[in-house]
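Peer 1: This is the structure I have questions about; it appears just below.
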């Protein structure tokens, strides 16, 4: 049972994290909107880099991108919370039922991975060259987030023994 409780608690912790990120982005919209604006406009990358054609300088697109990020973070929170609840309800059931209860955890972790790895590392970091910015480089925090998600996802997906 200890392993099952750990899977529930770690999933709930990820859900709480994704919720807090979503909550902060909605209630303090301007702070992180500035980050999105600078990354997309590429205004703090190396001067005269050859990829400046990728820059997005349309405010409506900055807002759309930011709301897409917020949506992904919120969906991550909801799916992980739902997954933690499903695991909690199945905690005393057989191993097959507990394994079935992991579906929302897998979905939530996948969405979270897409937000923080694909969104921040692939799109932000490489397409918009965020790594070139001394001020608006979110790769290190994103790395911490998606590695935590992957760690919990791997642990949650370890097979569970039948309960005595």
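Numbering (the working numbering), first residue to last: 4 to 167.
Cβ coordinates follow ideal geometry from the N, Cα and C atoms, glycine included.
(1) Using the rule of at least 16 other Cβ atoms within 10 Å of the residue's Cβ for burial, across every protein chain shown, is residue 157 buried or exposed?
(2) Determine the closest residue to residue 14 out of 154, 165 and 164, with distance taken between C-alpha atoms.
(3) Is the beta carbon of residue 98 less than 7 Å from the beta carbon of residue 163?
(4) Please tell me whether residue 131 and residue 4 are closer than 7 Å, where the distance is taken between their beta carbons.
(5) Would residue 127 be called buried (16 or more neighbouring beta carbons within 10 Å of its own) or exposed?
(6) Quick check on residue 17: buried or exposed, where buried means 16 or more other Cβ atoms within 10 Å of its Cβ?
Peer 2: Taking the coordinates as given:
(1) On the chain shown, residue 157 is found 154 positions in, with the first residue counted as 1. The C-beta of residue 157 has fewer than 16 other C-beta atoms within 10 Å across all chains shown, which makes the residue exposed.
(2) On the chain shown, residue 14 is found 11 positions in, with the first residue counted as 1. Comparing Cα-Cα distances from residue 14 to each of 154, 165 and 164, the minimum goes to 154.
(3) As a first step, residue 98 is located in the chain shown; it is residue number 95 there, counting from the start. As a first step, residue 163 is located in the chain shown; it is residue number 160 there, counting from the start. Yes, Cβ-Cβ distance for residue 98 and residue 163 is below 7 Å.
(4) In the chain shown, counting from the first residue as 1, residue 131 sits at position 128. In the chain shown, counting from the first residue as 1, residue 4 sits at position 1. No, they are not a contact pair.
(5) Here residue 127 refers to the residue found at position 124 when the chain shown is read from its first residue. Under a 10 Å Cβ-count criterion, residue 127 is classified as buried, with 16 or more other Cβ atoms of the shown protein chains found around its own Cβ.
(6) Position 14 of the chain shown holds residue 17. Residue 17 is buried by the Cβ-count criterion.
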